[in-house]
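Going by full-length UniProt numbering, the sequence shown opens with residue 1, and the numbers climb by one from there.
Every residue gets a Cβ at the ideal spot worked out from N, C-alpha and C, and that includes glycine.
Heads up: the structure comes next, in structure tokens.
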Amino acid sequence: MSTTEQTILEGYLKRPLAPANAEALAAVSNGPMNPADALPLDQIDRQVDPTPLKVESGWCVMPDATIKVQALTPMPKVTAQMVDWWFDWHPREALRYKAWHPQAHIDNSIRESGETGPKAHWGATHYPVETLGEELIKARIEFVPPVEVGFSSNALENPNVATIVCGKVGDTKLHVRHTVMSHVWLNDGNGGTLLRSHFWGGAIMRPDLPGSLGDLVGKLLNRPVIRKLAMPKGVGQSLSVHCVEEFSNLAELLPELRSALDGDTLPKG
1 MSTTEQTILE
11 GYLKRPLAPA
21 NAEALAAVSN
31 GPMNPADALP
41 LDQIDRQVDP
51 TPLKVESGWC
61 VMPDATIKVQ
71 ALTPMPKVTA
81 QMVDWWFDWH
91 PREALRYKAW
101 HPQAHIDNSI
111 RESGETGPKA
121 HWGATHYPVE
131 TLGEELIKAR
141 IEFVPPVEVG
151 FSSNALENPN
161 VATIVCGKVG
171 DTKLHVRHTV
181 MSHVWLNDGN
191 GGTLLRSHFW
201 GGAIMRPDLP
211 GSLGDLVGKL
221 LNRPVIRKLA
231 MPKGVGQSLS
241 VHCVEEFSNL
251 AELLPELRSA
261 LDGDTLPKG
């Protein structure tokens, strides 16, 4: 990391977060939404349709004990190219991740797959350490093409879509994969984007076991009673508030950072 980059990032640690999107923050702070209004995982393609959802921001516990979180964040100065750059660039230095949300982000690292694809972050695994509410989370996020979490194969070709970032989230302590994460940046018509963030907590319970053994145990784990035990208490609201805060801050930070660092030519490391 260059001295210039370090100085810029340390400056972000000292300043307050950008104001969180007021409408989304109010929605996720006022208790659970009606599960009937939550977007189910088997309708994930609905995220690429710009028609407003019945509820854009909220959280709830679904009838099958899945924790559903969804949040809408305007990002008027953020482009697809910035987003794709960010998700490849920021996990390579802990300070970059901390600058994203200084109050909650602690550390991050990356393991790359060695394969190349249309998006640089596809195939990479991030290991973020952060706080959600009062709980310390040590996560593992496997970043995958949208089709691997249920999107249509042509979702990225939709003219309404700027970019999509998806992952399968797991716990590094329990060694279990459990959550689908999906962020869809829609073109806002004015050169910026509108972010729909969706999480289905506990929807894909599977232990870190090889092949058919992992599949078999995963079938046993994908039950409401196990989800209730595995997912941290209160994670719906704490995750939704955190999501609104961090992406509202990124909406301000990312354009500034790209400009300050001349990100078009910035190396990965």
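Check                                                                                                                                                             : Outcome
Measuring straight from C-alpha to C-alpha, what distance separates Leu41 and Trp200?                                                                             : 7 Å
Of the choices Val169, Ile137, Ser182, whose alpha-carbon is the least far from that of Pro146?                                                                   : Ser182
Could you give the DSSP three-state label for Thr7: helix, strand or coil?                                                                                        : helix
Contact defined as beta carbons within less than 8 Å: I believe residue 341 pairs with Ala139. What is the distance between those atoms, to the nearest angstrom? : No answer is possible for residue 341: it lies beyond the span of the chain, which begins at 1 and ends at 269.
Would you mind sorting Asp84 into buried or exposed? The rule is 16 or more other CB atoms within 10 Å of its CB.                                                 : buried
Check each candidate in Phe143, Pro210, Asn30 and name the one with the smallest Cα separation from Val169.                                                       : Phe143
Give, in chain order, every unbroken run of the beta strand (DSSP E) that is at least 3 residues long and sits entirely within the region 189-261.                : 193-207
Consult DSSP for Ala38 and reduce its assignment to one of helix, strand or coil.                                                                                 : coil
Identify whether Arg15 lies in helix, strand or coil by the three-state DSSP scheme.                                                                              : coil
In terms of DSSP beta bridges, what is Arg177 paired with?                                                                                                        : Gly170, Arg206
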